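Using full-length UniProt numbering, you'd call the opening residue of the sequence shown number 1 and step up by one each time. In what follows, a structure is listed as structure tokens, so that the remarks can point back to it.
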Amino acid sequence: MTPEMIEVRAHFQSPNPTLKEVKFADLKKATKNFSMDMRIPPTFVGRVFLAWVEQNTLAPSKERDGIAIAVKRHIPSAIWLAEKNILGQLAHPNIIKLLGYSNNENENLLVYEYMPNKSFLEFFCTETISWEIRLLIMIGVARALAYLHLKNIIHGGLEPSHILLDEDLSAKLGGFGLATNGPETHVLTEVEGRRGYMDPNYQSNGQLTLKSDIYGFGVMLLKSITGGSFFFLHENQTLVDCATGIHTNRRNVKEIIDPRLKDNYSLQSVSECFSLAVRCVSNNPADRPSSEEVLQNLEQIHALYK
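Okay, structure coming up:
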């Protein structure tokens, strides 16, 4: 089934009344006719453009006179609907804020707060981030996840490109196009995104659960530790396979720590995060911790070893 054929049961709540419906013409003008000069590095779904608008009305403004926003276009209809109706209901400091939407002229657009440091994936690939900053980013994601799970919302698409960073490198979770709200909501499609972050149980039985999010979180935590360079240790082994093997065989976690960190980290802190990550990616969902337990563990690790 193609992305355009995603089926979502239409029982989502109505969008937050504070969301603004924005004219397509205004967004077209604010992005300079969706100029490539305004293009923000690509996301997995849709294209994103920087724009400047008036804060209260989202009407176009002169550059740097108003507020910066991110405008996403070329979004499949069901993903647009899920983001508008689920993300539009959420308010949390570690979740990206949806400001408005447009579906004029047969095109779906969404308007978000602008994140100057782009995504965790982009930043991670181009910058050397300290271990403490990496840990704080993952704590921010865990806080967002605990908030969602308290509301019985499954994100369904956790991966670094959906972790956005503000000017202080605080994490904000985005990418809600695959989110499901409650047990009666189903996304009947091939899950988009990187298979490496998807719960293998979903791939085998098509069931997304809260523990599916925990699996994706665990892979991201492993990536934070390894720097992404340690994806294959042996032929046909994934990062999860290799990490699980190291943990099972009680080998030294130092052999997989991102070399860019040099020795500027607490080995005990990294080791405890590694053990937590391995629990998160357990093949048996029942063995994975809850999002609340993940958050508590990470906050304790940060408090003890910062």
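Note that beta-carbon positions come from the ideal geometry of N, C-alpha and C, so glycine has one too. None of the values given here were measured: they were computed from a predicted structure.
Take the Cβ of residue i as the centre, count every other Cβ of all protein chains shown within 10 Å, and call the residue buried at 16 or more, exposed below.
{"i": "PRO41", "result": "exposed"}
{"i": "HIS162", "result": "buried"}
{"i": "residue 307", "result": "Not covered by the structure: residue 307. The range shown for the chain is 1 to 306."}
{"i": "CYS242", "result": "buried"}
{"i": "MET36", "result": "exposed"}
{"i": "ARG250", "result": "exposed"}
{"i": "CYS273", "result": "buried"}
{"i": "LYS254", "result": "exposed"}
{"i": "LYS306", "result": "exposed"}
{"i": "HIS74", "result": "exposed"}
{"i": "PRO160", "result": "buried"}
{"i": "GLY88", "result": "buried"}
{"i": "THR31", "result": "buried"}
{"i": "ALA286", "result": "exposed"}
{"i": "THR57", "result": "exposed"}
{"i": "THR18", "result": "exposed"}
Report the rounded CA-to-CA distance for residue i versus residue j, giving the unit in angstroms.
{"i": "residue 310", "j": "PRO259", "result": "No statement about residue 310 is possible, as the shown extent of the chain runs from 1 to 306 and does not include it."}
{"i": "ALA59", "j": "GLN296", "result": "42 Å"}
{"i": "GLY140", "j": "LEU81", "result": "26 Å"}
{"i": "VAL48", "j": "THR248", "result": "42 Å"}
{"i": "LYS72", "j": "LEU109", "result": "5 Å"}
{"i": "SER224", "j": "GLU113", "result": "25 Å"}
{"i": "GLU127", "j": "GLY228", "result": "13 Å"}
{"i": "residue 318", "j": "ASN117", "result": "No answer is possible for residue 318: it lies beyond the span of the chain, which begins at 1 and ends at 306."}
{"i": "SER61", "j": "LEU90", "result": "27 Å"}
{"i": "GLY157", "j": "PHE34", "result": "26 Å"}
{"i": "LYS84", "j": "LEU221", "result": "28 Å"}
{"i": "ASN103", "j": "ILE86", "result": "17 Å"}
{"i": "LEU121", "j": "PRO76", "result": "23 Å"}
{"i": "ALA303", "j": "LEU136", "result": "11 Å"}
{"i": "LYS29", "j": "SER291", "result": "42 Å"}
{"i": "PHE24", "j": "MET115", "result": "22 Å"}
{"i": "PRO289", "j": "ASP26", "result": "46 Å"}
{"i": "LEU210", "j": "LYS151", "result": "11 Å"}
{"i": "SER275", "j": "ILE246", "result": "10 Å"}
{"i": "GLU63", "j": "MET38", "result": "11 Å"}
{"i": "ILE301", "j": "TRP52", "result": "40 Å"}
{"i": "TYR101", "j": "LEU50", "result": "15 Å"}
{"i": "GLN55", "j": "LYS20", "result": "11 Å"}
{"i": "THR180", "j": "GLN207", "result": "11 Å"}
{"i": "LEU165", "j": "SER204", "result": "33 Å"}
{"i": "HIS155", "j": "MET198", "result": "11 Å"}
{"i": "ILE153", "j": "HIS92", "result": "14 Å"}
{"i": "LEU239", "j": "VAL294", "result": "20 Å"}
{"i": "ALA277", "j": "ASN106", "result": "43 Å"}
{"i": "VAL111", "j": "PHE123", "result": "22 Å"}
{"i": "ILE256", "j": "VAL270", "result": "11 Å"}
{"i": "VAL219", "j": "THR244", "result": "11 Å"}
{"i": "LEU169", "j": "TYR202", "result": "31 Å"}
{"i": "GLU299", "j": "ALA171", "result": "15 Å"}
{"i": "ILE79", "j": "VAL22", "result": "18 Å"}
{"i": "GLY196", "j": "ASN252", "result": "24 Å"}
Bridge partners for residue i per DSSP, in chain order?
{"i": "LYS72", "result": "VAL48, LEU110"}
{"i": "PRO93", "result": "Note: PRO93 sits in no beta bridge, so no partner."}
{"i": "THR20", "result": "Note that residue 20 is Lys in the sequence shown, not Thr. The partner list for LYS20 (beta bridge, DSSP) reads GLY100."}
{"i": "PRO41", "result": "Per DSSP, none; premise fails for PRO41."}
{"i": "ILE67", "result": "VAL53"}
{"i": "PRO285", "result": "For PRO285, which the question treats as bridged, DSSP gives no partner whatsoever."}
{"i": "SER290", "result": "Answer is none; SER290 lacks a bridge partner."}
{"i": "SER119", "result": "LEU164"}
Taking 8 Å as the CB-CB limit, is residue i close to chain D?
{"i": "ALA25", "result": "Absence of chain D from the displayed structure is noted, only one protein chain being present."}
Using a Cβ distance threshold of 8 Å, determine whether the segment 130-147 contacts the segment 67-79, with at least three qualifying pairs required. Too few Cβ pairs lie closer than 8 Å, so no.
Could you check whether the segment 262-276 touches the segment 120-140, counting it as contact only if at least three pairs of C-beta atoms, one from each stretch, sit closer than 8 Å? yes
I'd like to know if the segment 276-286 and the segment 202-219 are in contact, where contact means that at least 3 CB-CB pairs between them fall below 8 Å. yes
May I ask you to verify whether the segment 173-181 touches the segment 94-101, counting CB pairs closer than 8 Å and requiring at least 3? Contact between the segment 173-181 and the segment 94-101 is present, because at least three Cβ pairs lie under 8 Å.
Length at least 4, wholly inside the segment 130-208: the alpha helix (DSSP H) runs in chain order: 131-150, 200-205
Can you check the segment 222-267 for any alpha helix (DSSP H) of at least 4 residues that lies completely inside it and give the ranges in chain order? 239-248
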